[in-house]
Amino acid sequence: MIERLLNKHTVRVQVSCATRDDLIHEGLRDLLAQGCVEERYEKAIQKAFEAHGNYMAIAPGFLLSHARPEDGVLALGMSCINLKEGVSIGSENDPIRLVITLAAKDNTSHITALQELMHLLMDEDVFEQLKTTDSLDTMLSLLKGEETK
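Residue numbering for the sequence shown follows this note's numbering, beginning at 72 and increasing consecutively.
Shown next, in the form of structure tokens:
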């Protein structure tokens, strides 16, 4: 499932961001273009940060950006960006280098994709490469679970 969601239309490398709001905006850009979310989804993610703190920074250097399905999700979607430079958001997991943005249409349809993603990220070498690669082809190969050098 992850291959269907994370592809050349939803993955970008070496994105420039300076703030938490930049991370949210850039992570949503491709999901907006693909018609997965409405523009209001961005504000919902920002409000979730304000209400609950930095809980979306779930691992060192990794942000899983998301909001509730009713906050503007039109279709299941996921995007992935890595950053040219790490961004501090006030989390113990700073600096953020990898952002996955999730648009879940309901409470269950995204579970398989998240399980596949977490399985990939458990490999420390893959996780490091995802955070730092400057090659879209390498990023896509890593997300497919293919070996890279």
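Backbone N, C-alpha and C fix where the C-beta goes; we use that ideal spot for every residue, glycine too.
Which same chain residues, not among the five before or five after H181, have their C-beta less than 7 Å away from its C-beta?
-> Taking the sequence shown and counting its residues from 1, one reaches residue 181 at position 110. Answer for H181: L147, L173 and A175, listed in chain order.
Contacting residues, own chain, Cβ-Cβ under 6 Å from R111 (five flanking each side not counted) = Against the sequence shown, residue 111 aligns to sequence position 40. Excluding positions up to five away in sequence, the list reads G143.
Excluding the 5 residues preceding and the 5 following I129 in the sequence, name in chain order all residues of the same chain whose CB lies nearer than 8 Å to its CB.
-> In the sequence shown, the residue the question calls residue 129 occupies position 58. In the same chain as I129, and ignoring 5 residues on each side of it, the C-beta atoms closer than 8 Å to its own belong to L135 and N164, in chain order.
S206 (DSSP reduced to helix, strand or coil) | Here residue 206 is taken as the residue at index 135 of the sequence shown, counted from 1. Of the three classes helix, strand and coil, the one that applies to S206 here is coil, per DSSP.
Using DSSP with H/G/I as helix, E/B as strand and the rest coil, what is A130?
-> What you label residue 130 is simply residue 59 of the sequence shown in a count that begins at 1. Here A130 sits in strand by DSSP.
What's the call for L76, buried or exposed, on a 16-neighbour Cβ count within 10 Å?
-> Along the sequence shown, one-based indexing puts residue 76 at 5. Counting the other Cβ atoms within 10 Å of the Cβ of L76 gives 16 or more, which makes it buried.
List the endpoints of the continuous beta strand (DSSP E) containing K155.
-> Mapped onto the sequence shown, residue 155 falls at position 84. Residues G148 to V158.
Report the rounded CA-to-CA distance for E156 versus Q186, giving the unit in angstroms.
-> Locating residue 156 in the sequence shown gives position 85, counting from the first residue. Locating residue 186 in the sequence shown gives position 115, counting from the first residue. The alpha-carbon atoms of E156 and Q186 are separated by roughly 27 Å.
Which listed residue (D177, I160, I171 and V170) has its alpha carbon closest to that of R139 | Counting from one through the sequence shown, the residue named residue 139 turns up at place 68. It is D177 whose Cα lies nearest to the Cα of R139.
Contact between the region 99-107 and the region 117-127 (3+ Cβ pairs under 8 Å) = Because the criterion of three Cβ pairs below 8 Å is not met, the region 99-107 and the region 117-127 do not touch.
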